[in-house]
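*Asks:* Taking this note's numbering, the leading residue of the sequence shown gets 10, the next gets one more, and so forth.
In this text, a Cβ means the ideal position worked out from N, Cα and C, and glycines have one as well.
This structure is a prediction, so every number in the text was calculated from the model and none was measured.
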Amino acid sequence: MLDRWAAALHADGHRPSGVDRYVDLLRYFAAQYPLLSDITNATIREYKTHLAGRNSAATVKLTLCALRNFFGWCVEAGILTENPAASVRSPRVVSPPPDALSVEAVGGLLRAINEPSRAHTRTWRRNRRAVLLLLYTGLRIGELAALKWSDIDLARGVLLVRSGKYGKHRAIPLHPALMAELQPPGRPADAVIGRADGQPLSTKSMPHIFDRWLAGLGVDCHAHQLRHTFATRLLDSGCDLATIQQLLGHESIETTSRYLHISTERMRSAVERLHY
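Pasting the structure below:
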């Protein structure tokens, strides 16, 4: 049954990694409650309490989302008459404000990856391209790993994200600093950030560019920090939240609004430094 549900999720455009995570969560649940006919609203609430004592609010929320989706599918498939998880509320998840590099830190990063005395090998150029792509487009690490040369239209100056987090495509304008970096383009089917044979780096290998390569250059920076920096700089420059939401591929503008908190804190800090 889980295989049929997973197939339906894939058909609806869910990312493979997200489907795998949902299925894993349902397997944990089924290990404790193996009989579908015995599951009630009270069962789901009991499981929520069980999870809350051992997991973060984010994990509990994700599990309840998976359960609601699965039992909703069961209703649609005629396996159940009602969804026992439908009325069980998810816990509120308070996310810490995302971090971003300061202007000085970005300057140090760019100097490090532009150092002319370095041996500019193919791997160096690839890694440098990866850093600049995240800094100037705000891509997620998985989106960067999936990016192919056919997704980049240099004539129009846009990059197409075909494998967004929520299965939606989006187009991102290319910053002038990226245009030269993407010349000459590779073969259309090759990964933009890939191996010598054109195959993409895995999502597990991709972070090594930041955790190891940048660290070797004396730069302390992780991949997601560049995405946060992209969004924060846009907000600081006066860009509206709705535009930033579209560029980042956020499903909800509430997620994007976390950056508003950062900008407010920056303004507060600036005012507090005033001396007359």
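#1: Starting from the C-beta of R135, find all residues in its chain whose C-beta is less than 7 Å away, skip the five residues before and the five after it, and write them out in chain order.
#2: Is the distance from the Cβ of L156 to the Cβ of L143 below 8 Å?
#3: What does D162 pair with, by DSSP beta-bridge criteria?
#4: According to DSSP, is P209 helix, strand or coil?
#5: Using CA coordinates, which residue listed in Q208, V167 and A205 is at the minimum distance from M188?
#6: Any contact between the segment 91-102 and the segment 47-58? By contact I mean 3 or more CB pairs, one from each, below 8 Å.
#7: Going by DSSP, name the residue or residues bridged to I181.
#8: Step through the CB atoms of chain B and report whether any lies within less than 8 Å of the CB of L60.
#9: In angstroms with no decimal places, state the Cα-to-Cα distance between H259 and R267.
#10: Going by CA-CA distance only, name the one from K57, V32, I161 and Q254 that's closest to G195.
#11: Please report how far the alpha carbon of S111 lies from the alpha carbon of H231, in whole angstroms.
#12: Could you work out which residue in H59, M10 and Y31 is closest to P43 when comparing CA atoms only?
#13: When DSSP builds the beta bridges, which residues end up paired with K157?
#14: To the nearest angstrom, report how far apart M215 and I150 are at their CA atoms.
#15: Per the contact definition of three or more C-beta pairs closer than 8 Å, is the segment 18-28 in contact with the segment 68-75?
#16: Which residues in the same chain as H184 place their Cβ atom closer than 6 Å to its Cβ, once the five residues preceding and following it in sequence are excluded?
#17: Using a Cβ-Cβ cut-off of 6 Å (strictly less than) and excluding sequence neighbours within five positions of V32, which residues of its own chain qualify?
#18: So, are the CB atoms of A186 and L141 less than 8 Å apart?
#19: Looking only at its chain, what residues have a beta carbon closer than 7 Å to the beta carbon of Q255, apart from the 5 residues adjacent to it on each side?
*Replies:* Taking the definition as stated:
#1: Leaving aside the five residues that flank R135 on each side, the residues in its chain whose CB is nearer than 7 Å to its CB run, in chain order, I202.
#2: no
#3: Looking at the DSSP output, D162 bridges to V167.
#4: strand
#5: V167
#6: Look at the beta carbons and you see the segment 91-102 touching the segment 47-58: at least three pairs across the two are nearer than 8 Å.
#7: L168
#8: Considering every chain present, this structure includes no chain B. It has just one protein chain.
#9: 12 Å
#10: I161
#11: 14 Å
#12: Closest by C-alpha distance to P43, out of H59, M10 and Y31, is M10.
#13: Bridge partners of K157: A200.
#14: 7 Å
#15: Contact fails: fewer than three Cβ-Cβ distances are below 8 Å.
#16: Y145
#17: Once the five neighbours on either side are set aside, the close Cβ partners of V32 are L11 and A15.
#18: Cβ atoms of A186 and L141: closer than 8 Å.
#19: Scanning its chain for C-beta atoms nearer than 7 Å, with the 5 sequence neighbours on each side dropped, one finds around Q255 the residues R179, in chain order.
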